[in-house]
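Undergrad: Numbering of the sequence shown is given in the working numbering, commencing with residue 2 and proceeding in unit increments.
Where a beta carbon is used, it is the ideal one built from N, C-alpha and C, also for glycine.
Since we're looking at a predicted model, the values are computed, not measured.
Quick one: the structure is below, questions incoming.
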Amino acid sequence: MKRQIGFTLIEVLVAIAVMAMLSLMVFQTLSGVQKSNQISQERGERLEEMQRALVMMDNDFRQIVARKVRMPGDEKPSNELILAGEYLIDSSSNGIMFTRGGWQNPNAMFSRGEVVRVGYRIIEDTLERVYFRYPDSVVGEEPLVTPLLQQVTEVKFAFYQGDDWSANLSEGGSLPEGVRVTLTLEDYGEIERIYVLPKSVVQTEEPTT
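Listed below in structure tokens is the structure:
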């Protein structure tokens, strides 16, 4: 009678246990790789969002012009070239409004000039860019709003005047020499940008729309 050759129950159980352990290790490794890839992708998207917002801010602040504008309901232009303060333009933090040039309008294709009134504010922890199509606003005109950056809890502005930084603009109807913008993000903390403003002559004549 031939002897039957096979595996004992203990050997089968040991093999199953080993396979289970190997499968668990492989699953944990793959899960870790997928989680790492997801985190990397989210961080990459976040950095791209931050970069787009900062590029937009750079373009606006570096092209500030000393142009007087009429506020809604006013007959004469305001002497304040930059408006900045807490809750300005309905911001939950600080807000700022100014006039910038360089808004391209080749061959006067659109019914507007190349100067635009721009502002920045925070609404529900989102940095928003607001702007008016025409620098001299009229009563009832609503600004156009572009959300730029999420998870922003605070924005602060400081102005370089008289060899020092100040949170308040001095009177006199002239641009400061520089503007400092500080953004506080939930994940990256404070991000600071400093812009040197051009020295330009303030327009004294009443602007037209």
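Please name the residue or residues paired with Trp166 in a DSSP beta bridge.
TA: Tyr161
Undergrad: Thr205 by DSSP, collapsed to three states: which one?
TA: Note that Thr205 has pLDDT 44, beneath the 50 cutoff, so the model's placement of it is unreliable and the number below is only indicative. Residue state, collapsed to three classes: coil.
Undergrad: Of the choices Leu170, Gly179, Arg181, Gln151, whose alpha-carbon is the least far from that of Tyr189?
TA: The candidate whose alpha carbon is nearest that of Tyr189 is Gln151.
Undergrad: To the nearest angstrom, how far is the alpha carbon of Leu48 from that of Leu176?
TA: Going by the C-alpha atoms only, they are around 32 Å apart.
Undergrad: Going by C-alpha distance, which of Leu145, Leu128, Glu129 is nearest Pro136?
TA: Among Leu145, Leu128, Glu129, the Cα nearest to that of Pro136 is on Leu145.
Undergrad: Within a Cβ cutoff of 7 Å, which residues of the same chain sit near Pro199, ignoring the five residues on either side of it in sequence?
TA: For Pro199, where only same-chain residues beyond five positions count, there are no Cβ hits under 7 Å.
Undergrad: With H, G and I counted as helix, E and B as strand and the rest as coil, what does DSSP make of Val13?
TA: helix
Undergrad: Spatial neighbours of Glu87 within its chain, please: C-beta separation below 7 Å, excluding the five flanking residues on both sides.
TA: Asn95
Undergrad: For Gly45, which of helix, strand or coil comes out of DSSP?
TA: helix
Undergrad: Mind checking Lys69: buried by the 16 CB within 10 Å criterion, or exposed?
TA: In this structure Lys69 is buried. Its beta-carbon is surrounded by 16 or more other beta-carbon atoms within 10 angstroms.
Undergrad: To the nearest angstrom, how far is the alpha carbon of Asn60 from that of Ser41?
TA: 28 Å
Undergrad: Quick one: Cα of Thr100 to Cα of Glu187, how far?
TA: 30 Å
Undergrad: Please name the residue in Leu170, Val153, Glu155 whose C-alpha comes closest to that of Tyr161.
TA: Leu170
Undergrad: Assuming Ala54 and Leu149 form a contact by the criterion Cβ under 8 Å, report the distance between their Cβ atoms to the nearest whole angstrom.
TA: Rounded, the Cβ-Cβ distance is 4 Å, consistent with contact.
Undergrad: Let me confirm a value: Thr210 is counted as buried when at least 16 other C-beta atoms fall within 10 Å, else exposed. Which label applies?
TA: Legend: pLDDT at Thr210 = 42, less than 50; position of this residue unreliable, no value from coordinates given.
Undergrad: Secondary structure at Glu1, three-state DSSP: helix, strand or coil?
TA: Since the first and last residues shown for the chain are 2 and 210, residue 1 lies out of range.
Undergrad: My guess is that Gly174 and Ile195 are in contact by the Cβ rule of under 8 Å, so how many angstroms apart are they, rounded?
TA: That pair is no contact at about 23 Å.
Undergrad: Anyone know if the C-beta pair for Ser167 and Ile123 falls short of 8 Å?
TA: Not closer than 8 Å, so no.
Undergrad: Would Tyr121 pass as a contact of Ile97 if the rule is Cβ separation under 8 Å?
TA: Yes, the pair counts as a contact, with Cβ atoms nearer than the cut-off.
Undergrad: Taking all protein chains shown into account, decide if Ala159 is buried (16 or more other Cβ within 10 angstroms of its Cβ) or exposed.
TA: Counting of Cβ neighbours within 10 angstroms places Ala159 among the buried residues, the total reaching 16 or more.
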